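Peer 1: What follows is a structure written as structure tokens; I'll ask about it next.
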């Protein structure tokens, strides 16, 4: 990989980190409501995997921790922030919020609160790609916790049986909210769980973006070549709580958190690039300054200045707002 | 014009829509090689191939989810669930996903899919094969729920359901598959919205949907012999509900009875009677009445099953008592 790409990837991950930190501030100021699940610590996975996909072409779908996946897929950051602010200009026009970012232009088909739900939806997107004989694939990102849902097993079976072009990316961050994986799951290596469905799989370090990219490329190539699904597991760590009110002290130790802080994907990559003399501390400072300005001047300003959805449009988008009367009616009653 | 069974009408709609649009696919348990438990897709696997008529494993929640995902990418899947009891397994993808994706994406993504399923009691199938869950879907924003009463409506409404851009819950009835009716040979569509006045009358309004509509029609015939002129309304669409047709009828007859095969609480009848109260309370000359199932899981024994679910006689007697003639 050339230096320009390396710098760009570090910048992207840093941007995503600062974006979410800024969202956290806005949440504390009560400008963002609901739940806010931050992806901080896991950025190398979505950034690295989607770097290997055809963004805007391949379908992407995930759970509720979805801001970074949406942005890397191609959703404009200012629209994602406006969605968090509940504004009409948001990715989902203020109707979805943090957990439900959608951007069909980026083929980002949503964030979902039900952790097992994207499995079959992804397989359905893949079924449509295969049926239409396009060269698209569907990429489904979910956490280790989702693998204990029935839809995991049902979907793995059908995806394999029908050789659907779907890549399942398991972001194993060791915790299903507050329950550590070995307390919830009999087989803790997640990539082993799809063997029973005859799906090829592998496990990798999720904190080093270049390792993520190398492994994701093989997986993406496999799926795109028509050989059916692939399941790839990344070992990663959520450096913040599950959502805003989560106190991690109840279920994990400071030592463990510190150990993973040392493997923060931003730090891992910055160190690597500095060591390779691709960039210097001054370059990083400059990059941080640019990102700060971009977030404040383009992202936050846009979100703050955008209008809220109109209450008059509360009932819009429930069903097709312009249905064809041939199919919908209403039926003409010749009433007397 | 030929007489057609209800299942044949459903099959014909599938056939024509598969032929009309390459984006239409069919999925479900035994819909392919076998041709459907109720023959709704008979011969279509052989005609359109395994890529378009897809036999699924017994995984209702996920094969519904796959249909929904495919619809988000431009296909128009018709998903069959063998019995509405099994639809309980698919409520996550149907209610949390299909019903909500358009709204929570701000109208940017839609799910044009149909979930067809037979609901209702048949012949001694007992509690786990006799569910009638129309009320559950009826209470969910973002879905269309239709209940065709006859072969003609089933054919025309299924064709409309496939072409409409919303998720449609299409509820059939196991005891109606062998019902026959004349269906025109030429293609036609029946709209998904709108209740229909299927019999005109002046003394009382009987309201039903799919099988319970047939009970209302039978009761109306008997009432006629007693000199009672009953108007019968087929709801057709439980969601959205046609409040206007209900109001107009009750304003004319001043009496309303709702027949449903389901248990009463939080049900179709509750909703219709509330609608009547909201729309035209002062038009009422008598307390509204619900004819409904007993509040029990459906029993197996023939006599108990019969006692648990309403029949045309219950509708007839209910109507007479409302008119003070029981």
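Residue numbers (the working numbering), protein chains in the order written: chain V, 71 to 406; chain R, 3 to 328.
Cβ coordinates follow ideal geometry from the N, Cα and C atoms, glycine included.
The structure displayed is predicted, hence computed values, not measured ones.
Identify whether residue 105 of chain V lies in helix, strand or coil by the three-state DSSP scheme.
Peer 2: The answer is coil: DSSP assigns residue 105 of chain V none of H, G, I, E or B.
Peer 1: Compute the Euclidean distance between the alpha carbons of residue 11 of chain R and residue 224 of chain V, then round it to the nearest angstrom.
Peer 2: Residue 11 of chain R and residue 224 of chain V: Cα-Cα distance of roughly 32 Å.
Peer 1: Taking its Cβ as the centre, do 16 or more other Cβ atoms sit within 10 Å of residue 406 of chain V, making it buried, or is it exposed?
Peer 2: Residue confidence for residue 406 of chain V is low, a pLDDT of 44 falling below 50, so the modelled location carries little weight; the figure read from the coordinates is stated next. Answer is exposed; the Cβ neighbour count stays below 16.
Peer 1: Under a CB-based cut-off of 9 Å, is residue 202 of chain V close to chain R?
Peer 2: It does; some Cβ of chain R falls within 9 Å.
Peer 1: Can you tell me where the alpha helix (DSSP H) holding residue 247 of chain R begins and where it ends?
Peer 2: Run containing residue 247 of chain R: 245-255, per the alpha helix (DSSP H) assignment.
Peer 1: Any idea which residues DSSP pairs residue 119 of chain R with across the strands?
Peer 2: Answer by DSSP bridge pairing, in chain order: R:173.
Peer 1: Could you tell me the alpha carbon to alpha carbon distance between residue 151 of chain V and residue 190 of chain V, rounded to whole angstroms?
Peer 2: Answer to the nearest angstrom: the Cα atoms are 28 Å apart.
Peer 1: Is the Cβ of residue 151 of chain V closer than 9 Å to any Cβ of chain R?
Peer 2: Cβ-Cβ to chain R under 9 Å: no for residue 151 of chain V.
Peer 1: For the segment 298-308 of chain R against the segment 179-199 of chain R, do three or more pairs of beta-carbon atoms, one drawn from each stretch, fall closer than 8 Å, so that the two count as touching?
Peer 2: At 8 Å Cβ cutoff, the stretches do not touch.
Peer 1: Beta-carbon of residue 94 of chain R versus every beta-carbon of chain V: anything under 9 Å?
Peer 2: Chain V contact via Cβ: present.
Peer 1: Identify, in the order they occur along the chain, each residue of the same chain with its Cβ nearer than 8 Å to the Cβ of residue 323 of chain V, setting aside the five sequence neighbours on each side.
Peer 2: No residues qualify anywhere along the chain.
Peer 1: Between the C-alpha atoms of residue 30 of chain R and residue 357 of chain V, what's the straight-line distance to the nearest angstrom?
Peer 2: Looking at the two C-alpha atoms, the distance is approximately 53 Å.
Peer 1: Between V:71, V:72 and V:81, which lies nearest to residue 361 of chain V when the distance is taken from Cα to Cα?
Peer 2: Considering only alpha carbons, the answer is V:81.
Peer 1: Establish whether the CB of residue 281 of chain R and some CB of chain V are separated by less than 9 Å.
Peer 2: Chain V contact via Cβ: absent.
Peer 1: Using a Cβ-Cβ distance cut-off of 9 Å, determine whether residue 212 of chain R contacts chain V.
Peer 2: Answer no: the Cβ-Cβ gap between residue 212 of chain R and chain V never drops below 9 Å.
Peer 1: Kindly list, in the order they appear in chain R, the residues whose Cβ is closer than 9 Å to that of residue 129 of chain V.
Peer 2: Within chain R, the residues near residue 129 of chain V are 71, 74 and 75.
Peer 1: Go through its chain and collect everything with a Cβ distance to residue 97 of chain R's Cβ below 6 Å, but skip five positions before and after it.
Peer 2: Closer than 6 Å at the Cβ level, and outside the excluded window around residue 97 of chain R, lie 142.
Peer 1: Taking the CB atoms as reference points, tell me whether residue 114 of chain R and residue 59 of chain R lie closer together than 9 Å.
Peer 2: Not a contact, by the Cβ cut-off of 9 Å.
Peer 1: Going by DSSP in three states, residue 226 of chain V sits in which element: helix, strand or coil?
Peer 2: Reduced to three states, the DSSP call for residue 226 of chain V is helix.
Peer 1: Using alpha carbons as the reference points, say which of R:121, R:23 and R:74 lies closest to residue 40 of chain R.
Peer 2: It is R:121 whose Cα lies nearest to the Cα of residue 40 of chain R.
Peer 1: Any C-beta of chain R within less than 7 Å: which residues of the segment 221-234 of chain V qualify?
Peer 2: Answer in chain order: 221, 224, 225, 227 and 228.
Peer 1: Look up residue 160 of chain R in the DSSP assignment and give the residues it is bridged to.
Peer 2: Residue 160 of chain R pairs with nothing; no bridge assigned.
Peer 1: Considering only the alpha carbon of each residue, which of R:274, R:263, R:216 and R:108 lies closest to residue 240 of chain R?
Peer 2: The residue with the shortest Cα to Cα distance from residue 240 of chain R is R:274.
Peer 1: Leaving out the 5 sequence neighbours to the left and right, which residues in its chain are closer than 7 Å to residue 153 of chain V when beta-carbon positions are compared?
Peer 2: The answer, listed in chain order, is 160, 161, 162, 164, 166, 167 and 171.
Peer 1: For residue 261 of chain R, which of R:247, R:251 and R:212 has the nearest alpha-carbon?
Peer 2: For residue 261 of chain R, the nearest C-alpha among the options comes from R:212.
Peer 1: With distances taken Cα to Cα, identify the nearest neighbour of residue 57 of chain R among R:308, R:326, R:33 and R:82.
Peer 2: Comparing Cα-Cα distances from residue 57 of chain R to each of R:308, R:326, R:33 and R:82, the minimum goes to R:33.
Peer 1: Are any of the Cβ atoms in chain R nearer than 9 Å to that of residue 398 of chain V?
Peer 2: Yes, residue 398 of chain V counts as interfacial toward chain R.
Peer 1: Give the straight-line distance between the Cα atoms of residue 38 of chain R and residue 44 of chain R, rounded to the nearest whole angstrom.
Peer 2: Each residue's Cα considered, the two are about 6 Å apart.
Peer 1: Let me see if you follow: with CB-CB separation under 9 Å, is residue 270 of chain R close to chain V or not?
Peer 2: Closer than 9 Å: no.
Peer 1: Residues in the same chain with beta-carbon distance under 6 Å from residue 151 of chain R, minus the five sequence neighbours each way, listed in chain order, please.
Peer 2: Here the set comprises 212, 215 and 236.
Peer 1: So, is residue 366 of chain V buried or exposed, given that buried needs 16 or more other C-beta atoms within 10 angstroms?
Peer 2: Residue 366 of chain V should be labelled exposed.
Peer 1: Applying the criterion that 16 or more other CB atoms from any shown protein chain within 10 Å of the CB defines a buried residue, is residue 323 of chain R buried or exposed?
Peer 2: Residue 323 of chain R is exposed by the Cβ-count criterion.
Peer 1: So, is the C-beta of residue 257 of chain V closer than 9 Å to a C-beta in chain R?
Peer 2: No - not a single Cβ of chain R is within 9 Å of the one on residue 257 of chain V.
Peer 1: So with Cβ pairs under 9 Å, would you call residue 207 of chain R a contact of chain V?
Peer 2: So, not an interface residue.
Peer 1: Under a three-way DSSP split, which group does residue 271 of chain V fall into?
Peer 2: Three-state DSSP puts residue 271 of chain V in a strand.
Peer 1: By the criterion of Cβ-Cβ separation under 8 Å, what are the contact partners of residue 46 of chain R in chain V?
Peer 2: Chain V residues near residue 46 of chain R: none, gap ~16 Å exceeds 8 Å.
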